Amino acid sequence: MEQITVYPAARIHTMDPGRPHAEAVAVADGRIVSVGSIRSMQPWLRRNPYEVDDRYVGKVIMPGFIDPHTHLRLSGTYMGLHYVGPIDSASPTGLRKGLPSRDAVVHQLRALVAEHGDPREPLTAWGYDPASQAGHLDRDMLDAISDTVPLWVCAYAPHIVYANTPMLGLIGVDDDSVGHGLGRYPDGRLNGWFVETEATARANRPVAASIFGPGTGRAAIDRMGAVARAAGVTTTADLVWGMADGFEPEWDDHAAAIAEGTFPLRIFMIPFEPKLRRNYGDDMLDFLASKRAEGDDRLNTHGVKYVNDGSYPSMTLVMNSPGYLDEDTAHTGEVPWEDMAERMRPFWQSGVQIHSHANGDRTVDMTLDTLAALQAEHPRFDHRFTIEHYCISTPAQAKRLAALGGLASVNCYFVHFRAQLHADHGFGPDRSEATARLGSLERAGVTFALHSDFNLVVTPLQPLLAVWCAVNRVGADGETVMAPGERISVDRALRAITVDAAHVLARDDRLGSIEAGKLADFTVLDDDPYEVDPMALRDIGIAGTVLGGEPTS
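According to our numbering, the sequence shown is numbered sequentially starting from 697.
Now the structure itself:
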């Protein structure tokens, strides 16, 4: 064993229920050697050279925060486009101000068109939010801005692309075109909407070279790695691996960033199933096995990802009765569900963990039906089938998820940032108030994690803010408690960004708690989340992170 380093702290919360608190943690060779006090770990210290590093004396140490569902590379790439979103957003050149309304967005697009050089080249923008910016854009609105410059506008949650007539020409569609997710006016004309995976992929082809050009992915990874570290994150997973540039280029970008020290995180690459199947066909399982063998504890593959409906902020999720408030804003977010069990079967039978995106309660029903069908034909224990997002659901669905042995990875930021907005724009007050039913999941006995889906859903990457949302459930007005029976305790919320998040990624044998033998990843805090007022949880400062026993900054 090389030299042991001991980190004393004011308090260490281990997330080990048998030994929940400590005063010091000893690390060597990237792993935890002992947890307790300098006195208790003397049997190790007498036998090995050691040093005491006092840099965290007075601070609080927790297991490294885990966000099990992000899109760091894709998010960083979109952040390089013209921004038309509603909230202030980071960019490669500094903070960009949000635009409060659709009129402001139209004004900004006019200004960008006036400055645009080559009218044959598409003008690309990102960040539009139909719920908070007064409704969707459409083809006629964009044609009024320019009927010569191709306009391509991606929603903040990139489940919708809006296009004008010249852009439709570049995409290669007209009013006679067919395909899932092509929006239309009542008279049958294309309205410029491209909704969900098949349609947005179609809309992306003419702009892919400029958006995902050489070097953009690597720059995005470096930028987002710094954002994650500042939030206390030490591990994440990318749930659309392969969708943008392809599997090997995206893997290689992460490997290079880790090797060069610009990405101080562990990351697990979860392949986007349609792209995986299209690229590798019958060899897709062999490809995943080869990448697992190539990977290590810093970069590896994990599971497989399905997208089965649309987006909460874009109002394209799929719901049961009574549906949407306004049928004229009818979603087109239903992804074709035929043969879903058949599509999942190869992964299920080979033991690959399935992550299934489901935002609306109707999609949750379909997902549970699929899981039940898979269990009936090929029963599995500890399969960790995970419903991703789990935004609109019922207590009955939580009980059924528990009965089927499933997990949930939940975006609870929407409770604060968007639930009150969507009470009158999309989902109605009942479902909006009960967004992210964590209390129901806890009562049903479901293990769950909290995630950000950063940065594609108008929410930040801040695990302590997720904890604050889960514990308090305070709406955007700063006063209203949204579905108080769905609140959870501080301890359960902290588990959901540490050891339970590790469980969702099937890494709780080596991550998520401070126990001897586990990887020495820590998040260092200025205050104790168990001691502060629950309303102050989001204000706790991040003093640093430790990855494999080494401080990252």
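Backbone N, C-alpha and C fix where the C-beta goes; we use that ideal spot for every residue, glycine too. Because the structure is a prediction, the values reported are computed rather than measured.
> Closest by CA to T1131, which one among Q1158, V1031, L1070 and I1088?
Replying inline: Within the sequence shown, numbered from 1, the residue matching residue 1131 stands at position 435. For the residues Q1158, V1031, L1070 and I1088, the minimum Cα distance to T1131 belongs to I1088.
> What is the rounded straight-line gap between the Cα of D1061 and the Cα of K755?
Replying inline: Within the sequence shown, numbered from 1, the residue matching residue 1061 stands at position 365. Within the sequence shown, numbered from 1, the residue matching residue 755 stands at position 59. Looking at the two C-alpha atoms, the distance is approximately 45 Å.
> Given a threshold of 16 other Cβ atoms within 10 Å of its Cβ, counted over all protein chains shown, does D1208 qualify as buried or as exposed?
Replying inline: Sequence index remark: in the sequence shown, residue 1208 carries index 512 (1-based). The sequence given here places Gly at residue 1208; Asp does not occur at that position. By the 10 Å Cβ count, G1208 comes out buried.
> Mind checking whether S1010 and I856 have CB atoms under 7 Å apart?
Replying inline: Here residue 1010 refers to the residue found at position 314 when the sequence shown is read from its first residue. Here residue 856 refers to the residue found at position 160 when the sequence shown is read from its first residue. Cβ distance < 7 Å, so S1010 and I856 count as in contact.
> With distances taken between CB atoms, is the gap from V679 to A1189 smaller than 7 Å?
Replying inline: It is not possible to answer for residue 679, since the shown part of the chain is limited to 697 through 1249.
> Using DSSP with H/G/I as helix, E/B as strand and the rest coil, what is L1243?
Replying inline: Here residue 1243 corresponds to residue number 547 of the sequence shown, with the count starting at 1. Looking at L1243 - three-state DSSP - the assignment turns out to be strand.
>> Using 7 Å as the threshold, is the C-beta distance between S1136 and P1180 below it?
In response: As a position in the sequence shown, residue 1136 is number 440, starting the count at 1. As a position in the sequence shown, residue 1180 is number 484, starting the count at 1. The answer is no: Cβ separation not under 7 Å.
>> Assuming N1168 is part of the alpha helix (DSSP H), what are its boundary residues?
In response: On the sequence shown, position 472 is the one that residue 1168 refers to. That run of the alpha helix (DSSP H) goes P1159 to N1168.
>> For A1140, which residues in the same chain have their Cβ closer than 6 Å to its Cβ, ignoring the five residues on either side in sequence?
In response: Indexing the sequence shown from 1 puts residue 1140 at position 444. Same-chain partners within the cutoff: A1094, K1095 and A1098.
> Can you check whether the CB of T958 is closer than 7 Å to the CB of D1005?
Replying inline: The count along the sequence shown starts at 1 and reaches residue 1005 at position 309. The count along the sequence shown starts at 1 and reaches residue 958 at position 262. Not a contact, by the Cβ cut-off of 7 Å.
>> Can you look up M711 in the DSSP assignment and give me helix, strand or coil?
In response: For this step, residue 711 is matched to residue 15 along the sequence shown. It is coil, neither helix nor strand.
> Would DSSP call L1207 helix, strand or coil?
Replying inline: Residue 1207 sits at position 511 when you count from the first residue of the sequence shown. The answer is coil: DSSP assigns L1207 none of H, G, I, E or B.
>> Give me, in chain order, the residues of the same chain whose beta-carbon lies closer than 7 Å to that of L741; leave out the 5 immediate sequence neighbours on both sides.
In response: Against the sequence shown, residue 741 aligns to sequence position 45. Excluding sequence neighbours, L741 sits near I700.
> Considering only the beta carbon of each residue, do I841 and R885 sit closer than 7 Å?
Replying inline: Within the sequence shown, numbered from 1, the residue matching residue 841 stands at position 145. Within the sequence shown, numbered from 1, the residue matching residue 885 stands at position 189. No, they are not a contact pair.
>> Can you tell me where the alpha helix (DSSP H) holding G913 begins and where it ends?
In response: Translated into the one-based positions of the sequence shown, residue 913 becomes position 217. Segment T912 to A926, the alpha helix (DSSP H) holding G913.
>> Do T861 and D839 have their beta-carbon atoms positioned less than 7 Å apart in this structure?
In response: What you label residue 839 is simply residue 143 of the sequence shown in a count that begins at 1. What you label residue 861 is simply residue 165 of the sequence shown in a count that begins at 1. Yes.
> Just how far apart, CA to CA, sit A830 and A940?
Replying inline: Indexing the sequence shown from 1 puts residue 830 at position 134. Indexing the sequence shown from 1 puts residue 940 at position 244. The alpha-carbon atoms of A830 and A940 are separated by roughly 30 Å.
> According to the neighbour-count rule (16 or more other Cβ atoms, all chains shown, within 10 Å of its Cβ), is K793 buried or exposed?
Replying inline: Position 97 of the sequence shown, counted from the start, is the residue given in the question as residue 793. Label assigned to K793: exposed.
>> What ranges does the beta strand (DSSP E) occupy inside the stretch 1008-1056, keeping only unbroken runs of at least 3 residues that lie completely in it?
In response: 1050-1054
>> Any contact between the stretch 927-938 and the stretch 1229-1245? By contact I mean 3 or more CB pairs, one from each, below 8 Å.
In response: yes
> So, using beta-carbon positions, are F1081 and G1102 closer together than 7 Å?
Replying inline: Along the sequence shown, read from residue 1 onward, the residue named residue 1081 stands at position 385. Along the sequence shown, read from residue 1 onward, the residue named residue 1102 stands at position 406. Their beta carbons are under 7 Å apart, which means F1081 touches G1102 by this criterion.
>> Bridge partners for C1108 per DSSP, in chain order?
In response: Counting from 1 along the sequence shown, the entry for residue 1108 is found at position 412. The partner list for C1108 (beta bridge, DSSP) is empty, contrary to what the question assumes.
> Would you report the Cα separation of A905 and A922, rounded to the nearest angstrom?
Replying inline: Locating residue 905 in the sequence shown gives position 209, counting from the first residue. Locating residue 922 in the sequence shown gives position 226, counting from the first residue. When rounded, the distance between both Cα atoms is 26 Å.
>> I need the straight-line Cα distance from D712 to R751, nearest angstrom please.
In response: In the sequence shown, the residue the question calls residue 712 occupies position 16. In the sequence shown, the residue the question calls residue 751 occupies position 55. Approximately 24 Å between the Cα atoms of the pair.
> Given a threshold of 16 other Cβ atoms within 10 Å of its Cβ, counted over all protein chains shown, does P1251 qualify as buried or as exposed?
Replying inline: Residue 1251 is absent from the model: the chain starts at 697 and stops at 1249.
> Got a sec? Which residues, its chain only, sit under 6 Å from T1219 by beta carbon, not counting five neighbours each side?
Replying inline: One-based indexing of the sequence shown puts residue 1219 at position 523. The answer, listed in chain order, is M758, G760, F761, G928 and T1241.
> Can you list, in chain order, the stretches of the alpha helix (DSSP H) that have 4 or more residues and sit fully within the stretch 1169-1235?
Replying inline: 1186-1191 and 1195-1200
>> So, for D784: in the same chain, excluding its five sequence neighbours on each side, which residues have a beta-carbon less than 8 Å away from its beta-carbon?
In response: One-based indexing of the sequence shown puts residue 784 at position 88. Excluding residues within five positions, the ones whose Cβ falls inside 8 Å are L791, R792, K793 and G794.
> Secondary structure at I841, three-state DSSP: helix, strand or coil?
Replying inline: Indexing the sequence shown from 1 puts residue 841 at position 145. Helix at I841.
>> Taking the straight line between their C-alpha atoms, what separation do you get for C850 and M1178?
In response: The count along the sequence shown starts at 1 and reaches residue 850 at position 154. The count along the sequence shown starts at 1 and reaches residue 1178 at position 482. Their Cα atoms are separated by approximately 30 Å.
> Alpha carbon to alpha carbon, how far is S797 from S828?
Replying inline: Position 101 of the sequence shown holds residue 797. Position 132 of the sequence shown holds residue 828. Going from the Cα of S797 to the Cα of S828 covers about 7 Å.
> For Y703, which beta-bridge partners are listed by DSSP?
Replying inline: Counted from its first residue, the sequence shown places residue 703 at position 7. Partner(s): V721.
> For D1204 versus V1195, is the C-beta spacing smaller than 7 Å?
Replying inline: One-based indexing of the sequence shown puts residue 1204 at position 508. One-based indexing of the sequence shown puts residue 1195 at position 499. Closer than 7 Å, so yes.
> In or out: Y1052 buried (at least 16 other Cβ within 10 Å) or exposed?
Replying inline: Along the sequence shown, read from residue 1 onward, the residue named residue 1052 stands at position 356. The residue you asked about is not Tyr; residue 1052 is Ser in the sequence shown. Burial call: buried.
> Helix, strand or coil: how does DSSP classify M758 here?
Replying inline: Within the sequence shown, the letter at position 62 stands for residue 758. Strand at M758.
> Taking the alpha-carbon positions, what's the P854 to I734 distance?
Replying inline: Position 158 of the sequence shown, counted from the first residue, corresponds to residue 854. Position 38 of the sequence shown, counted from the first residue, corresponds to residue 734. Whole-angstrom Cα-Cα distance: 50 Å.
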